[in-house]
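Residue numbers for the sequence shown follow UniProt numbering, so the first one is 1 and each next one is one higher.
Ideal placement from N, C-alpha and C gives every residue a C-beta, glycine not left out.
Notes follow the structure.
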Amino acid sequence: AEAAGVASLRSMLDQKAPHYNSNQRSYCTDYTLKRYLHARKFDVAKAFNMLTATLAWRKDFDVESISMLKVRGNGETGKVVVRGADREGRPILFLRPGQENSKDDHDGNLKHLVYELERAVACMDELRGVGKMLVILDLQHYSMSNAPPMKTSRATLHILQDHYPERLAKFLIIDAPWLFQGFFKIISPFIDKETAAKLVFVNGKTAEAKREVLSKFVELNRLPKSIYGDLGDEEFFTADEYFSDEGVEKFRKEIIRQRAAFQ
1 AEAAGVASLR SMLDQKAPHY NSNQRSYCTD YTLKRYLHAR KFDVAKAFNM LTATLAWRKD
61 FDVESISMLK VRGNGETGKV VVRGADREGR PILFLRPGQE NSKDDHDGNL KHLVYELERA
121 VACMDELRGV GKMLVILDLQ HYSMSNAPPM KTSRATLHIL QDHYPERLAK FLIIDAPWLF
181 QGFFKIISPF IDKETAAKLV FVNGKTAEAK REVLSKFVEL NRLPKSIYGD LGDEEFFTAD
241 EYFSDEGVEK FRKEIIRQRA AFQ
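Following this line, the structure appears as structure tokens:
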């Protein structure tokens, strides 16, 4: 059924192909088609609509030209970082709103998010079955002063669900305060059932209890000490290293090496 769905979706895309540029065409791998089919329960017409909406969005958002230099200002504090692999060999995307440094820069923050999502995707290995990521949301220092505006939160959710379908393995939420629980009630109607099923709240009474939960998903030496891990915070992230060509390559190879240890 999967192969037939891919063939049907491919033929629908081929009819529209003359309208697409080379980036849009190269995006439509068989693996991408499978993701969109899964996201729409193998309804080919719905998958086609979802995929063509993504192709239009990628062009309008100019995803291919979002460079490290363009997003470094927003990423300077390490509020969104791709670093290390989980126990299934999947890249880990860290979201740390407590490190917010450009709260009101809606467009800049979304560009930065998409840069990091693309960086995570570039560290996947779809041929070996690794096409998803683990997301860790660290809410230890979440407050009214650094909470993103609702507009940015909704746009983030929309991008993740509609333009990166079937990319999320699990979404760990650490130390959610009462303030976040109120926000979560407001945003939860916009979270689809599939995404909601992947949420894991990590709220143990002690640091040791939280470490125990986290260690089911990630080796603790891959988490910074600030997120109950064993890795020095400076070792985990410095902007100069992370936003350099050498850093991109170093951390990509680190994920590949860690993945190989699991497989």
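Notebook entry, point to check: Which parts of the region 34-70 are runs of the alpha helix (DSSP H), unbroken and 4 residues or longer, counting only runs that do not cross its ends?
Noted result: 44-61
Check: Got a sec? Which residues, its chain only, sit under 8 Å from residue 9 by beta carbon, not counting five neighbours each side?
Finding: 33, 36, 37, 44, 47, 48, 51
Next item on the list: Along the beta strand (DSSP E) that carries residue 133, what are the first and last residues, could you check?
Entry: 133-138
Checklist line | Beta-bridge pairing of residue 95 - partner residues as DSSP gives them | finding: 80, 137
Check: Along the chain, which unbroken stretches of the alpha helix (DSSP H) at least 4 residues long are found entirely within the UniProt domain "CRAL-TRIO" (82-235)?
Finding: 106-122, 150-158, 178-187, 193-196, 207-215
Checklist line | N-terminal and C-terminal residue of the alpha helix (DSSP H) that residue 23 is part of | finding: 22-27
Note to self: Among the candidates 226, 149, 93, whose CA atom is the shortest distance from the CA of residue 217?
What the structure shows: 93
Notebook entry, point to check: By Cβ distance below 8 Å, which residues in the same chain neighbour residue 16 in space, the five residues on each side in sequence not counted?
Noted result: 52
Check: Once you ignore the five residues that flank residue 86 on each side, which residues in its own chain have a CB closer than 7 Å to its CB?
Finding: 92, 134, 217, 218
Notebook entry, point to check: Among residues of its own chain, excluding the 5 on either side of residue 25, which ones have a beta-carbon nearer than 8 Å to its beta-carbon?
Noted result: 17
Notebook entry, point to check: When burial is assigned at 16 or more other CB atoms within 10 Å of the CB, is residue 95 buried or exposed?
Noted result: buried
Next item on the list: Could you tell me whether the region 96-104 touches the region 135-149, using the rule of 3 or more Cβ pairs below 8 Å?
Entry: yes
Checklist line | Contact the region 166-181 vs the region 199-219: 3+ CB pairs below 8 Å | finding: yes
Next item on the list: Return the chain-ordered list of same chain residues with a C-beta closer than 7 Å to the C-beta of residue 164, the five sequence neighbours on each side being excluded.
Entry: 117
Next item on the list: Report yes or no: do the region 246-260 and the region 106-115 share at least 3 C-beta pairs separated by less than 8 Å?
Entry: no
Checklist line | Classification of residue 273 by the beta-carbon crowding that lies within 10 angstroms, buried from 16 upward | finding: Coverage of the chain is limited to positions 1 through 263, which leaves residue 273 absent and any answer about it impossible.
Notebook entry, point to check: Buried or exposed: where does residue 282 fall if 16 or more other Cβ atoms within 10 Å of its Cβ makes it buried?
Noted result: Because residue 282 is not part of the residues shown, which for the chain are 1 to 263, the question remains open.
Check: Which residues bound the alpha helix (DSSP H) around residue 262?
Finding: 245-262
Note to self: Please classify residue 129 as buried or exposed, where buried requires at least 16 other C-beta atoms within 10 Å of its C-beta.
What the structure shows: exposed
Margin query: Quick check on residue 238: does DSSP put it in helix, strand or coil?
Written below: coil
Margin query: Under DSSP, the alpha helix (DSSP H) around residue 17 begins and ends at which residues?
Written below: No alpha helix (DSSP H) contains residue 17, which DSSP labels as neither H nor E.
Margin query: Quick check: the Cα distance between residue 61 and residue 79, rounded to an integer number of angstroms?
Written below: 21 Å
Checklist line | Rounded C-alpha distance that separates residue 210 from residue 228 | finding: 7 Å
Check: Would you report the Cα separation of residue 72 and residue 119, rounded to the nearest angstrom?
Finding: 13 Å
Checklist line | Three-state secondary structure assigned by DSSP to residue 7 | finding: helix
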